[in-house]
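Inspection log for the structure reproduced underneath, given as structure tokens.
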Amino acid sequence: MTPDFYPSGSAVMAPVAGHTDIPFRRMIRRFGCRYAFTEMIDAGSLVFQGEKTLRLASRGNDSGFLGIQLVGSDLPTLKRAAEIVNDLDFDVLDFNLGCPAPKVARKCEGIRFALENPDGAVTAFETLAKTSRLPVTAKTRIQDERDPAPTVAFCRRLQDAGARSITIHGRLMHNFYSGPVFHGIISAVRESLDVPVVANGGAMDGASFRRLLAETGCHAGMVARGALGNPWIFREIADPEAGPPDVAEFTETIRLYMADMLDCYGPVFAYVVARKTLLEFLRGRGYPGRLRASVSFLDSADALEKLLEAIAQGPTERYTETLNLHPETVERKLVVRRG
Ligand SMILES: Cc1cc2nc3c(=O)[nH]c(=O)nc-3n(C[C@H](O)[C@H](O)[C@H](O)COP(=O)(O)O)c2cc1C
């Protein structure tokens, strides 16, 4: 087996479009995330170098292991994009062959590229691998939930084309991000490849992350939605005994995140861009609906201060009672310390 960049037991932060930007990555690093990715970047947009794309392709002042992910299908564009990445400061280049989003699938890229034009997808991968000075990896999905053969065959071709590691999301294209994760298919791919396979799908907390590794036999796993509004998942993965945040830590984490957002985007955009992450923070943690609704109107430093004050008051008593009596029924844990 070729050596891997991810030591055994590693949790890798997945590329998540619209989420894994510089402030988000700074936040998860504080809770022990060692391996992270940009969100997927369209190769054509990178070549065109719009201002927004350049920000997506920027490391910021993050010194940890950071990968960049490209999506695309046109060979000259991918080659040019890989040349541009050669001049940027990343540790690995990942090729997206798993995205089912309509704007990607429409162009027959992402998972549709893998399913409908595997020869083209492998050639595109090879173009990146030959052009890039960085190790090149792939992220894809299972192709059939009952038969490992198609997924195995495709991943073997990527390996032969130079893939240094392959991440497999164990869900079918039409299931997007929900539904069962087929551990057996990931495991079959792992057994038949010489390069390391990273397991992905359904790691929503420390326990489910450990299950993902145990059931696939993979030495590393990738976390996506489980980290949105929940950077503590990395602490929980590293230390099963580590508790959830209390209200003070929760509030302070959001305050720091917002300071980084303002730094990165400036006051005109920061509040708007932050709204979806703030909603992720509040989801499942027992805050009243009207507080969550107020996030949709967040537009100023004053409004942020009021929101933080309300968050510091803690979740509803009903949530805390349920957390104490039936912790297994609570989606995300937030501890209120009394006295
Ligand atoms: C909102 C959203 C955006 C995503 N963006 C990307 C992306 O840019 N690149 C990618 O490879 N996967 C992307 N994914 C897929 C995730 O990386 C991951 O494969 C998927 O969510 C399954 O992992 P999970 O069950 O841990 O969430 C995205 C998923 C979501 C929900």
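In our numbering, the protein residues as written are 1490 to 1828.
Just so you know, even glycine gets a beta-carbon here, dropped at the ideal spot from N, CA and C.
Keep in mind it's a predicted model, so treat the numbers as computed, not measured.
* Asked: Looking at the unbroken alpha helix (DSSP H) that takes in Ser1783, where does it start and where does it end?
  -> Taking the sequence shown and counting its residues from 1, the one referred to as residue 1783 is at position 294. Ser1783 -> alpha helix (DSSP H) spans 1778-1784.
- Where does the unbroken alpha helix (DSSP H) through Thr1629 begin, and where does it stop? The count along the sequence shown starts at 1 and reaches residue 1629 at position 140. Premise fails: Thr1629 lies in the beta strand (DSSP E), 1625-1630, not in any alpha helix (DSSP H).
Tell me which residue opens and which closes the alpha helix (DSSP H) that Tyr1808 is part of.
As a position in the sequence shown, residue 1808 is number 319, starting the count at 1. Its alpha helix (DSSP H) spans residues 1806-1814.
key: Three or more C-beta pairs below 8 Å linking the segment 1606-1621 and the segment 1684-1699   = no
* Short Cβ contact (8 Å threshold) for Gln1632 with Leu1604 -> Translated into positions along the sequence shown, residue 1632 becomes position 143. Translated into positions along the sequence shown, residue 1604 becomes position 115. Their beta carbons are under 8 Å apart, which means Gln1632 touches Leu1604 by this criterion.
* Counting only runs of 4+ residues fully inside the segment 1595-1629, write out the alpha helix (DSSP H) ranges in chain order. => 1600-1605, 1607-1620
Open item on the list: Classify Val1641: buried if its beta carbon has 16 or more other beta carbons within 10 angstroms, exposed otherwise.
Closed with: For the purposes of this step, residue 1641 is identified with residue 152 of the sequence shown, where counting begins at 1. Answer is buried; the Cβ neighbour count reaches 16.
I'd like the list of long-range same chain contacts for Asp1563, defined as Cβ closer than 8 Å, with 5 residues on each side in sequence excluded. The count along the sequence shown starts at 1 and reaches residue 1563 at position 74. Answer for Asp1563: Ala1532, Gly1533, listed in chain order.
| field | Proximity of Met1502 and Phe1520 at Cβ, strictly below 8 Å | value | If you number the sequence shown from 1, residue 1502 lands on position 13. If you number the sequence shown from 1, residue 1520 lands on position 31. Not a contact, by the Cβ cut-off of 8 Å.
(Q) Just to check my reading of the structure: Gly1507 and Glu1528 have Cβ atoms closer than 8 Å, yes? What is that Cβ distance to the nearest angstrom? (A) As a working mapping, residue 1507 is identified with position 18 in the sequence shown. As a working mapping, residue 1528 is identified with position 39 in the sequence shown. With a Cβ gap of about 7 Å, Gly1507 and Glu1528 count as contacting.
- Helix, strand or coil for Leu1797, going by three-state DSSP, please let me know. By 1-based counting over the sequence shown, the position of residue 1797 is 308. Leu1797 falls in the helix class under three-state DSSP.
Across the segment 1695-1704 and the segment 1747-1767, are there enough close Cβ pairs to call them in contact, namely three or more that are closer than 8 Å?
no
What are the boundary residues of the beta strand (DSSP E) that includes Leu1768? What you label residue 1768 is simply residue 279 of the sequence shown in a count that begins at 1. Leu1768 -> not in any beta strand (DSSP E); alpha helix (DSSP H) instead, spanning 1736-1771.
_Out of Gly1659, Arg1645, Cys1644, Asn1550, which one is the CA nearest neighbour of Arg1635?_
The count along the sequence shown starts at 1 and reaches residue 1635 at position 146. Checking every option, the nearest Cα to that of Arg1635 belongs to Gly1659.
Contacts around Phe1770, its chain only, beta-carbon distance under 7 Å, and the 5 residues preceding and following it disregarded: Counting from one through the sequence shown, the residue named residue 1770 turns up at place 281. Correct list, in chain order: Gly1718, Ile1743.
* Thinking C-alpha only, which one of Ala1650, Arg1724, Asn1575, Asp1735 is nearest Arg1523? -> On the sequence shown, residue 1523 is found 34 positions in, with the first residue counted as 1. The shortest Cα separation from Arg1523 among Ala1650, Arg1724, Asn1575, Asp1735 belongs to Arg1724.
Check whether the Cβ atoms of Leu1559 and Leu1582 lie closer than 8 Å to each other.
-> For the purposes of this step, residue 1559 is taken as residue 70 along the sequence shown, with counting starting at 1. For the purposes of this step, residue 1582 is taken as residue 93 along the sequence shown, with counting starting at 1. The answer is yes: Cβ separation under 8 Å.
Requested in this report: With a threshold of 7 Å, establish whether the CB of Glu1798 neighbours any heavy atom of ligand 1.
Outcome: Taking the first residue of the sequence shown as 1, we reach residue 1798 at position 309. Checking the Cβ of Glu1798 against ligand 1 gives no.
**Request:** Following the continuous alpha helix (DSSP H) through Leu1564, name the residue where it begins and the one where it ends.
**Result:** By one-based count along the sequence shown, residue 1564 stands at place 75. Element bounds for Leu1564: 1564-1575.
Classification of Gly1732 by the beta-carbon crowding that lies within 10 angstroms, buried from 16 upward
Translated into positions along the sequence shown, residue 1732 becomes position 243. Exposed.
Does at least one heavy atom of ligand 1 sit under 7 Å from the Cβ of Gly1553? The residue given as residue 1553 occupies position 64 in the sequence shown. Checking every heavy atom of ligand 1 against the Cβ of Gly1553, none is found closer than 7 Å.
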